[in-house]
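Novice: In my numbering, the protein residues as written are 7 to 172.
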């Protein structure tokens with residue numbers, strides 16, 4: 007069985023191509039994606055990532071590492087534990103998040119209704135992306151929202167307060 011690597015090192019002037027890897031090669035490597043930094047600049051290739059290589063991810067199977075494009079940037083609310091009030095509170099500054107065109111869901115994670123102590127909620131990517139722990143989501147300790155809904159939840163009370171002033 008031959009393993010295929012999708013993409014040869016992407017540098018100026020090179021095309022994206024499929025390449026047959028050497029016999030015995032069972033993994034391919036390529037750039038990672040993060041909600042904060044986007045797509046890393048690690049080159050695609052045959053074989054595993056070098057030990058400790060930042061921005062590299064391994065995969066197995068024919069054409070397993072697909073070319074991804076960045077989607078639209080969006081914003082999420084970042085929640086912090088407030089020890090004095092013993093609850094999670096939203097920061098005023100929104101977090102800028104990256105997305106992929108192929109999966110542009112624009113999800114945010116936040117403390118769920120049952121997150122009563124700091125240890126209940128594992129914050130991921132400063133509020134960007136889905137809940138990390140499925141058990142926390144099931145237990146309603148982490149909740150996922152669409153970024154548009156997240157912003158609406160902050161803006162509606164603000165609009166109501168301004169309206170009440172007049």
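Note that the Cβ used here is the ideal one computed from N, Cα and C, for glycine as well.
Between residue 31 and residue 62, is the Cβ-Cβ spacing less than 8 Å?
Specialist: no
Novice: Please report the distance separating the alpha-carbon of residue 110 from that of residue 76.
Specialist: Rounded to whole angstroms, the separation of the alpha carbons of residue 76 and residue 110 is 9 Å.
Novice: Within this structure, are the beta carbons of residue 97 and residue 86 separated by less than 8 Å?
Specialist: yes
Novice: Keeping to the same chain, check which residues put their C-beta closer than 7 Å to that of residue 136; ignore five residues upstream and five downstream.
Specialist: 113, 115 and 150
Novice: Flag this pair as yes or no: are the beta carbons of residue 133 and residue 84 separated by less than 8 Å?
Specialist: Yes, the Cβ-Cβ distance between residue 133 and residue 84 is below 8 Å.
Novice: According to DSSP, is residue 135 part of a helix, a strand, or is it coil?
Specialist: coil
Novice: Could you give the DSSP three-state label for residue 24: helix, strand or coil?
Specialist: strand
Novice: Of the residues 56, 148, 48 and 59, which one's Cα is nearest the Cα of residue 123?
Specialist: 148
Novice: May I ask you to list the residues that DSSP assigns as paired with residue 117?
Specialist: Partner(s): 148.
Novice: Helix, strand or coil: which one does DSSP assign to residue 99?
Specialist: strand
Novice: With residue 70 as the anchor, note down where its beta strand (DSSP E) starts and where it stops.
Specialist: Here residue 70 belongs to no beta strand (DSSP E), and DSSP marks it neither H nor E.
Novice: Residue range of the beta strand (DSSP E) that residue 36 falls in?
Specialist: 34 to 37
Novice: Just to confirm before moving on: does the CB-CB distance between residue 35 and residue 64 stay below 8 Å?
Specialist: yes
Novice: Using the C-alpha atoms, what's the distance from residue 71 back to residue 28?
Specialist: 16 Å
Novice: So, with DSSP's three-state summary, where would you put residue 108?
Specialist: Of the three classes helix, strand and coil, the one that applies to residue 108 here is helix, per DSSP.
Novice: Would you mind stating whether residue 125 and residue 94 have Cβ atoms separated by less than 8 Å?
Specialist: no
Novice: For residue 145 and residue 117, I'd like the C-alpha separation in whole angstroms.
Specialist: 11 Å
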